[in-house]
Amino acid sequence: MEPKLGKMIILGAILNCLDPILTIVAGLSVRDPFLAPLDKKDLAEAAKAQFSRDHSDHLAIVRAYEGWRDAEKDHAGYEYCWKNFLSAQSMRVIDSLRKEFYSLLKDTGLVDSNPTIYNAWSYDQSLVRAVVCYGLYPGICSVVHNDKSFSLKTMEDGQVFLYSNSVNARDTKIPFPWLAFNEKIKVNAVFLRDSTAISDSVLLLFGGSISKGDSDGHLKMLGGYLEFFMSSSTAEMFQSLRKELDELIQIKLLHPKMGVHTYHELLSAIRLILSGDQCSGKFVFNRQMMTQQPSNPSSTATPSQPSMSRTESGPGGDNPKSQLQTVLIRAGIAAPVYETKQLSNTQYRSTVEFNGTQIVGRPCNNKKQAEKDAAAEALEWLLGENRATNGYVDHVSMLLKKSKKDHY
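All residue numbers for the sequence shown refer to the UniProt record's numbering, where the first residue is 1 and numbers rise by one.
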C-alpha cells in the first residue's frame, strides 16, 4: 500500500468515516473498475454518470461498490456489473482488499471488531472529501474559472487537463476552487486520471501546514505558493483548529485504543465548517472583496470563509519579476519582456510588456531595480488595486479574454 493511501485509511478510522475510505483506497489499489469499451463508450459514460453527482471520481467508486455489494446479497452482482459497465473482478478485489485493510487496522488497535462506531460519520460527504485531501496532498490542483468553462493548474506542471474517463471531464463548471488527485499521466500534456473537488476549508484544515502571512488574516501554505485571505478572527480560528486536529491525530497514533469522544466539540466544529463552506475562494489573481453580510437575528452565526489571493510577498517569492512571471504563467499568458532605457548617468526606466500590454516603471538608480519597479507596477495593475478609489478591476480576466480573441 502506498503511504498516502495508508494515511487516508488511518484518518478515516480516527474521524469515524472509515467505510467509504476503505472503498476509495481499495479502488485506487486495483485496476479501474469502470469499463469503457470503444464500441460502447457513450453507454459506458452514461452508466458511470449515475454514480458521479458530486465532482468526485473517488466518491463514484464508493457508490458503484455499494450498489454491487447490495446486488451481491441477492446473488445479482454479475448482472449489476454487466448493466453498469463495471469490472466484476475489480469489484471482488475491492471487497477483498477492504477486509484486508480492516484487519490491518485491527492489528494496530485503531479499530476493533465492531465497525459501527468507526462509521458514525461515513455519510458526511464533506468529511470524506477532507480525508481524501489529507491522504493525497500535495496532489492538489487549482480550478481557475473562466467565463464559460475552467482551466486547471498545478504548481509543478502549470496547466493540466482531466483524463477523459474522469467524471469531472464532462463538467463545464466545477463549483469548487480545488481538486485533490491521486495520479497524473503525461502524454503530450499532463492529465489527471482521478480527482475529487474540495473546498478552501478542506485544504486549510487537511492539506499542508499553514503559517501566518505578512498581514492579519493572511495564511500561507507550501512556502507561500498558496495564500489565503480572510478576516483575522477566521484566520486565527483555522490555525487553532488545525493545531488541535494535528495534536489529536498524534495522540491517537500514540494511543490507538483511545476514544475520540473527548474531542467531540473539536470534531463537530470541523464538520460544521466543512459543510458550511460556500467554495467562494479564488485562485491567485481574482481577489475576492470581503463584503459585510446583512445581519439576520434568526440565523446561526458562521465564520466567514477564506478567499484565495496574493499579497506583496506574492506567488514566486519576494522578487516582483518572479511574482509577475508566476502570475502570468498561471493565467496562461507568456512570460513578460523587459526593455530598459538609460535616462541619465544614474537613472534608468524599464518597460515591461506581456500579451500586448505595456507597463512603464518609475526612474531608478540601476537597471536591475528599474525592471523590478516595472514588474511591481504591472503586478499592482494586474491584481486590480486602485489606491485612489479603493476599487477592484480584474485586469487578468481582461487579458485572458483578449488572448482568446487574438487566436480567433
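Note that the Cβ used here is the ideal one computed from N, Cα and C, for glycine as well.
Practice item. Could you tell me which of Gln250, Ala130 and Phe229 sits nearest to Ile198, measuring between CA atoms? Key: With distances taken between Cα atoms, Ile198 lies closest to Ala130.
Review point. For the candidate residues Gly6, Leu11, Met1 and Leu5, whose alpha-carbon lies nearest to that of Ile251?
Key: Residue Leu11 holds the alpha-carbon nearest to the alpha-carbon of Ile251 among Gly6, Leu11, Met1 and Leu5.
Check your understanding: When you compare only the Cα positions, how much space is there between Arg69 and Leu18?
Key -> Here the C-alpha atom of Arg69 lies approximately 16 Å from the C-alpha atom of Leu18.
Check your understanding: Three or more C-beta pairs closer than 8 Å, one from the stretch 42-58 and one from the stretch 152-171: is that the case here?
Key -> Contact check between the stretch 42-58 and the stretch 152-171: three or more CB pairs, one atom from each, fall below 8 Å, which counts as touching.
Point to revise | Under 8 Å between C-beta atoms of Ile24 and Val132 | key: Yes, they are a contact pair.
Check your understanding: Whose CA, out of Cys81, Tyr65 and Leu5, lies closest to the CA of Leu35?
Key -> The residue with the shortest Cα to Cα distance from Leu35 is Cys81.
Exercise for review: Check whether the Cβ atoms of Tyr102 and Val93 lie closer than 8 Å to each other.
Suggested key: Cβ distance not < 8 Å, so Tyr102 and Val93 don't count as in contact.
Check your understanding: In chain order, which continuous runs of the beta strand (DSSP E) of length 3 or greater are located wholly inside the UniProt domain "Helicase-associated" (1-62)?
Key -> Taken in chain order, the whole beta strand (DSSP E) runs of length 3 or more contained in the UniProt domain "Helicase-associated" (1-62) number zero.
Exercise for review: Alpha carbon to alpha carbon, how far is Asn345 from Lys4? Give it in angstroms, no decimals.
Suggested key: Across the structure, Lys4 and Asn345 are spaced so that their CA atoms are roughly 59 Å apart.
**Study point:** Under the three-state DSSP convention, the category Pro99 falls into
**Key:** The question names Pro, yet the displayed sequence has Lys at residue 99. In the three-state reduction of the DSSP assignment, Lys99 falls in the helix class, which pools H, G and I.
Exercise for review: Using the Cα positions of Gln267 and Pro177, report the straight-line distance between them to the nearest angstrom.
Suggested key: Note on residue identity: the sequence assigns Leu, not Gln, to residue 267. Whole-angstrom Cα-Cα distance: 23 Å.
Exercise for review: Can you give me the Cβ contacts of Leu20 inside the same chain, cut-off strictly under 8 Å, excluding the 5 residues immediately before and after it?
Suggested key: The question names Leu, but residue 20 is Pro in the sequence shown. For Pro20, where only same-chain residues beyond five positions count, the Cβ hits under 8 Å are Gly12, Leu59, Val62, Ser122 and Val128.
Check your understanding: Nearest to Ser374 by alpha carbon, out of Ile359, Lys73, Ser233 and Gln323?
Key -> Here residue 374 turns out to be Ala, not Ser, going by the sequence shown. Checking every option, the nearest Cα to that of Ala374 belongs to Ile359.
Exercise for review: Using a threshold of 8 Å, state whether the C-beta atoms of Ser90 and Val160 are closer than that.
Suggested key: Ser90 places its beta carbon 8 Å or farther from that of Val160.
Review point. Can you tell me where the alpha helix (DSSP H) with Tyr338 in it begins and where it stops?
Key: Not the alpha helix (DSSP H): Tyr338 falls in the beta strand (DSSP E), residues Val337 to Ser344.
Exercise for review: Give the range of the beta strand (DSSP E) segment to which His145 is assigned.
Suggested key: Taken as a continuous stretch (DSSP letters only), the beta strand (DSSP E) holding His145 covers Ile140 to His145.
Review point. Mapping DSSP to helix, strand and coil, what is Leu382?
Key: Helix, per DSSP.
Exercise for review: Using three-state DSSP, classify His218 as helix, strand or coil.
Suggested key: Assigned with DSSP and collapsed to three states, His218 falls in strand.
Review point. Can you list, in chain order, the residues of its chain whose CB lies under 6 Å from that of Ala235, leaving out five sequence neighbours each side?
Key: Gly217 and Leu219, listed in sequence order.
Review point. Beta carbon of Glu377, beta carbon of Lys321: below 8 Å?
Key: If you check the CB distance, Glu377 and Lys321 do not come in under 8 Å.
Exercise for review: Specify the secondary structure class of Ile333 as computed by DSSP and reduced to three states.
Suggested key: Ile333 falls in the coil class under three-state DSSP.
Point to revise | Top-ranked residue by Cα proximity to Glu227, from Ser240, Gly213, Ser233 and Gln239 | key: For Glu227, the closest C-alpha among the options Ser240, Gly213, Ser233 and Gln239 is that of Gly213.
Check your understanding: Using a threshold of 7 Å, is the CB atom of Phe238 nearer than that to any non-hydrogen atom of the ligand NAP?
Key -> The ligand NAP is absent from the structure shown, which contains no ligand whatsoever.
Point to revise | Backbone secondary structure at Tyr348 - three-state DSSP | key: Strand, per DSSP.
Point to revise | Beta-carbon spacing of Leu203, Ile270 below 8 Å | key: Annotated as distal: Leu203 and Ile270, with beta-carbon spacing of 8 Å or more.
Exercise for review: Closer than 6 Å by C-beta to Lys367: which residues in its own chain qualify, once you throw out the five before and the five after it? Chain order, please.
Suggested key: Excluding positions up to five away in sequence, the list reads Thr340 and Tyr348.
Point to revise | Span separating the alpha-carbon of Gln323 from that of Leu222 | key: Gln323 and Leu222: Cα-Cα distance of roughly 15 Å.
**Study point:** Contacting residues, own chain, Cβ-Cβ under 6 Å from Leu248 (five flanking each side not counted)
**Key:** Around Leu248: Tyr263.
Practice item. Report yes if the C-beta distance between Ile210 and Arg242 is below 8 Å; otherwise report no. Key: A contact, by the Cβ cut-off of 8 Å.
Review point. Cβ of Asn355 within 8 Å of Cβ of Ala334?
Key: It is a contact, given that the beta carbons lie within the stated cut-off.
Review point. What number of angstroms, rounded off, separates the C-alpha of Asp200 from the C-alpha of Phe238?
Key: Their backbone Cα atoms lie some 11 Å apart in a straight line.
Point to revise | Gly276 versus Ser126: straight-line alpha-carbon distance, rounded | key: About 9 Å.
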